[in-house]
Amino acid sequence: MTNGNGKSDTLLKVENLKMYFPITKGILFQRHVGDIKAVDDVTFEVKRGETLGLVGESGCGKSTTGRAILQLYRPTDGRVEFEGQNLTELKGESLRKMRRNMQMIFQDPYASLNPRMTVGSIVGEPLEVHGILSGKARKERVKELLNIVGLNPYFINRYPHEFSGGQRQRIGVARALAVQPDFIVCDEPISALDVSIQAQVINLLEDLQAEFGLTYLFIAHDLAVVRHISDRIAVMYLGKIVELTDRDSLYKTPFHPYTQALLSAVPLPDPIAEIERAKHRIILEGDVPSPANPPKGCNFCTRCPARDRALKEKGIDCGEVEPEFKEVESGHWVACHLFG
Ligand code: SF4
């Protein structure tokens with residue numbers, strides 16, 4: 008399907024993406040003894056102008072997915088199609104050109120900005136790398152960008168340590184916007200910020216999306232954060248997407264037992280409803296298994312409270328048979344034997 012400009016509605020298509028990190032032994036002859044399967048066969052699409060939330064506990068592979076999409080890590084296998092072009096096949100100059108359309112906002116505004124560079128150099132660096140504007144014109148563009156993200160353009164010669172956490176994240180946003188990208192991976196952009204500042208950064212990202220028609224992959228570790236900003240949400244567990252649907256369906260009728268557990272932990276603003284919710288909170292037992300040695304069958308089987316139900320109702324042993332990630336209702340994808 009195409010939009011009015013003749014462009015496809017799908018901006019990004021990720022197919023069977025795998026990102027494995029090899030485990031080696033020995034100092035001289037490094038033997039390959041296994042892999043950390045950080046991202047293991049992930050498939051999804053991001054439509055032009057939407058925000059796809061990608062949620063899961065820390066270490067589930069969501070940030071690695073973001074980096075593998077941008078080719079900051081070269082994927083082990085699978086396709087990443089951006090504007091119809093498979094990025095995994097691009098190298099050198101053609102990859103660099105493509106990267107101009109895809110930027111990243113990092114989690115930690117304290118660590119992601121070079122403390123020895125002025126704000127002007129930090130925000131202007133992508134312009135320099137991509138050979139866009141120079142001299143006075145570049146300086147003017149940097150000032151304009153600072154203005155766009157709500158910072159005083161006269162701060163251009165200051166250093167990151169002179170700013171608060173929220174202001175530093177705004178510098179990170181200005182830097183990502185500098186080359187006028189279509190797509191931004193927002194990697195937990197508010198997790199390191201004070202709660203009082205978080206809403207401001209979310210509002211800024213939403214305003215920028217409306218103004219510049221941006222598409223976001225918004226990574227977060229809890230469902231409360233992505234609820235406001237996402238159009239659709241993908242839930243990740245141990246390197247795989249276990250559920251993907253539009254925001255309202257996910258919060259009203261979560262199918263996957265892991266999504267249900269995550270949602271039961273999201274605090275409610277109404278204290279009475281919160282007391283009621285606490286009675287039904289699903290506490291997951293055990294730890295997340297190691298991605299170097301994921302369980303056989305369904306990757307959630309070691310902690311799933313519904314595993315016995317799958318055996319009773321469907322006659323399937325979740326510890327043996329891996330569920331397929333399939334569309335069980337229009338636009339609602341789940342990887343669980345209980346559905347579909
Ligand atoms: Fe639980 Fe089985 Fe569904 Fe996996 S497939 S989520 S173990 S019920």
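Okay, so the sequence shown: first residue is 8 according to my numbering, each after it adds one. Cβ atoms here follow ideal geometry from the backbone N, Cα and C, with glycine treated the same way.
beta-carbon Ile323 near ligand 1 non-hydrogen atom, thresh 8 Å: As a working mapping, residue 323 is identified with position 316 in the sequence shown. Because some heavy atom of ligand 1 lies under 8 Å away, the Cβ of Ile323 counts as near it: yes.
Contact the stretch 19-28 vs the stretch 51-65: 3+ CB pairs below 8 Å: yes
Alpha-carbon to alpha-carbon, Arg145 and Met105: For the purposes of this step, residue 105 is taken as residue 98 along the sequence shown, with counting starting at 1. For the purposes of this step, residue 145 is taken as residue 138 along the sequence shown, with counting starting at 1. Using only the alpha carbons, I get a separation of about 21 Å.
Beta-carbon gap between Thr309 and Gly56 smaller than 9 Å: Here residue 309 refers to the residue found at position 302 when the sequence shown is read from its first residue. Here residue 56 refers to the residue found at position 49 when the sequence shown is read from its first residue. Going by C-beta atoms, Thr309 is not nearer than 9 Å to Gly56.
N- and C-terminal bounds of the alpha helix (DSSP H) containing Gly6: Only positions 8 to 347 of the chain appear in this structure, which leaves residue 6 out of reach.
N-terminal and C-terminal residue of the beta strand (DSSP E) that Gln187 is part of: Here residue 187 refers to the residue found at position 180 of the sequence shown. Taken as a continuous stretch (DSSP letters only), Gln187 belongs to no beta strand (DSSP E), as it is neither H nor E.
Paired residues, beta bridge with Lys20 - DSSP: The residue labelled residue 20 in the question sits at position 13 within the sequence shown. Per DSSP, Glu52 and Glu88.
Chain-order list of residues whose beta-carbon lies under 7 Å from that of Gly41 (same chain, five-residue window excluded): By one-based count along the sequence shown, residue 41 stands at place 34. Only Ile30 and Ala299 meet the Cβ criterion.
Straight-line gap, Met111 to Ala183 (C-alpha atoms, nearest Å): Start at 1 with the first residue of the sequence shown, and residue 111 comes out as number 104. Start at 1 with the first residue of the sequence shown, and residue 183 comes out as number 176. Those two C-alpha atoms are separated by around 6 Å.
Identity of the residues DSSP links to Asn93 by a beta bridge: Taking the first residue of the sequence shown as position 1, residue 93 is located at position 86. Bridge partners of Asn93: Glu88.
Cβ contact (3+ pairs, closer than 8 Å) linking the stretch 201-221 and the stretch 251-268: no
Val335: first and last residue of the uninterrupted beta strand (DSSP E) it sits in: Residue numbering aside, residue 335 sits at position 328 when the sequence shown is read from its first letter. Segment Lys333 to Glu336, the beta strand (DSSP E) holding Val335.
Ser70 classed as buried or exposed, judged by whether at least 16 other C-beta atoms fall within 10 angstroms: Translated into positions along the sequence shown, residue 70 becomes position 63. By the 10 Å Cβ count, Ser70 comes out buried.
Range covered by the alpha helix (DSSP H) that runs through Gln216: Walking along the sequence shown from the start, residue 216 turns up at place 209. Counting along the chain, the alpha helix (DSSP H) containing Gln216 begins and ends at Val202 to Phe219.
Residue environment, Val136, which counts as buried when at least 16 other CB atoms sit within 10 Å: Along the sequence shown, one-based indexing puts residue 136 at 129. Answer is exposed; the Cβ neighbour count stays below 16.
Proximity test, Arg55 beta-carbon vs ligand 1 heavy atom, cut-off 8 Å: Numbered from 1 along the sequence shown, position 48 holds the residue referred to as residue 55. Not so, every heavy atom of ligand 1 lies at least 8 Å from the Cβ.
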